[in-house]
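Trainee: Residue numbers (the working numbering): 600 to 838. No residue lacks a Cβ here, since even glycine has one placed at the ideal position from N, Cα and C. No experiment lies behind these values; they were computed from the predicted model shown. Quick one: structure below, then a few questions.
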Amino acid sequence: MNADRFRFFPSVYQESDLLIGVPHPDYRPQMQDTSLQEQVRLYQLLTSFSASHPLFRTSLEPLPLPAGKEEVPPEIATMIRCGLRTGTGPMSSVAGVFAEGVAERLTGEYGPPELVVENGGDLFIRNRSDLVTVIHAGRSALSGKIGLVLPPGRWGVCTSSGTVGHSFSSGMADAVTVVSSSTPMADAWATALANQVLDQHDIEPVLDRAAGNREIMACLVIVGEKMGIRGKFELKLLS
Numbered sequence: 600m601n602a603d604r605f606r607f608f609p610s611v612y613q614e615s616d617l618l619i620g621v622p623h624p625d626y627r628p629q630m631q632d633t634s635l636q637e638q639v640r641l642y643q644l645l646t647s648f649s650a651s652h653p654l655f656r657t658s659l660e661p662l663p664l665p666a667g668k669e670e671v672p673p674e675i676a677t678m679i680r681c682g683l684r685t686g687t688g689p690m691s692s693v694a695g696v697f698a699e700g701v702a703e704r705l706t707g708e709y710g711p712p713e714l715v716v717e718n719g720g721d722l723f724i725r726n727r728s729d730l731v732t733v734i735h736a737g738r739s740a741l742s743g744k745i746g747l748v749l750p751p752g753r754w755g756v757c758t759s760s761g762t763v764g765h766s767f768s769s770g771m772a773d774a775v776t777v778v779s780s781s782t783p784m785a786d787a788w789a790t791a792l793a794n795q796v797l798d799q800h801d802i803e804p805v806l807d808r809a810a811g812n813r814e815i816m817a818c819l820v821i822v823g824e825k826m827g828i829r830g831k832f833e834l835k836l837l838s
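Structural data, given as structure tokens:
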């Protein structure tokens, strides 16, 4: 991803710190207001639901969908289902939900042919030609040196780390990157798999689990100077 291809702009609200890219001819100044409006809407929805379901924000274990006739917002239901599917708490997919939610709002109102929404290293991407996404892995010598080549399509590309960033991980991977068609699901699976990487010996077992999962199109794991990958995408060495 580069500034020649995309016009990038930030959108920040509370903990949601987005960097959004659209092709230069498709940029509209009002996109910034629209992005912020969607972040505010999602934040208020999350705050309101958490007020009546306090475990939603704090649980590291999956939570069930509320029983009875309670109406659950679709974004909340997505987070709960991602947690149930991956064995994580519902907040494991929150960055992906915000990235995808803003992307869908921008697509619906402005229809850019290509779109990138980055939220703390988690990405929603829709591209019409090959796009390279760089893998950042903290202090690893491989950080910034490799990238995944994404063919045209719609992708969620999310990374979890036990050594970098403020998000909780019980593992010690420098980076576990997951590609899925759903950004929230990629976010939750990256968290779940990163929790299982305690040292370099866990790279292959975790990749084997990812390879048997239909929701995961690619998975890359970095621990120190060791790396493994499974999936359909080309790996590119960067200078």
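#1: To the nearest angstrom, how far is the alpha carbon of histidine 652 from that of valine 693?
#2: For the alpha helix (DSSP H) containing serine 651, list its first residue and its last residue.
#3: Does the stretch 797-806 come close enough to the stretch 694-701 that 3 or more CB-CB pairs lie under 8 Å?
#4: Run through DSSP, which three-state label would threonine 687 get?
#5: In angstroms with no decimal places, state the Cα-to-Cα distance between alanine 736 and lysine 825.
#6: For the stretch 673-737, list the alpha helix (DSSP H) runs that are entirely contained and at least 4 residues long, ordered along the chain.
#7: Do you know whose CA, among Tyr612, Leu617, Ala817, Tyr626, lies nearest phenylalanine 605's CA?
#8: Using 8 Å for Cβ pairs, my map puts proline 661 next to glycine 686. What's the rounded Cβ distance?
#9: From phenylalanine 655 to serine 760, what distance separates their C-alpha atoms?
#10: Find the nearest neighbour of asparagine 811 within the set Gly823, Gly746, Gly830, judged by alpha-carbon distance.
#11: Are the CB atoms of proline 628 and leucine 617 within a distance shorter than 8 Å?
#12: Once DSSP output is grouped into helix, strand and coil, what is the label at alanine 740?
#13: Can you tell me where the alpha helix (DSSP H) with valine 805 in it begins and where it stops?
#14: Would you report the Cα separation of methionine 630 and leucine 714, rounded to the nearest angstrom?
#15: Considering just the uninterrupted stretch of the alpha helix (DSSP H) at arginine 656, what are its terminal residues?
#16: Just how far apart, CA to CA, sit alanine 793 and lysine 668?
#17: Is proline 783 helix, strand or coil when you go by DSSP?
#18: Which of helix, strand or coil does DSSP assign to alanine 789?
#19: Is it the case that the Cβ atoms of alanine 817 and valine 778 are separated by a distance below 8 Å?
#20: Hey, could you find the ends of the beta strand (DSSP E) leucine 836 is sitting in?
#21: Just checking my contact of valine 716 with isoleucine 828 at CB under 8 Å: how many whole Å lie between their CB atoms?
#22: Take asparagine 718 and list the residues in its own chain whose beta-carbon comes closer than 6 Å to its own, dropping the five residues that flank it on each side.
#23: Mind reading off the beta-carbon distance from isoleucine 821 to leucine 747? Whole number of angstroms is fine, and I expect it under 8 Å.
#24: Out of Thr732, Met784, Leu645, which has the shortest C-alpha to C-alpha gap to phenylalanine 832?
#25: How close, in whole Å, do the beta carbons of threonine 755 and serine 781 come, if the pair is a contact with beta carbons under 8 Å?
Mentor: Taking the coordinates as given:
#1: 16 Å
#2: 629-651
#3: no
#4: coil
#5: 11 Å
#6: 673-685, 693-709
#7: Tyr626
#8: 6 Å
#9: 22 Å
#10: Going by the sequence as given, residue 811 is glycine instead of asparagine. The candidate whose alpha carbon is nearest that of glycine 811 is Gly830.
#11: no
#12: coil
#13: 802-810
#14: 12 Å
#15: 654-657
#16: 36 Å
#17: helix
#18: helix
#19: yes
#20: 833-836
#21: Contact flag wrong, Cβ pair sits at about 24 Å.
#22: Leu617, Ala694, Phe697, Ala698
#23: About 12 Å separates the two Cβ atoms, so there is no contact after all.
#24: Thr732
#25: Here residue 755 is glycine; the residue named in the question, threonine, does not match the sequence. Indeed, because the Cβ distance is near 5 Å, the residues count as touching under 8 Å.
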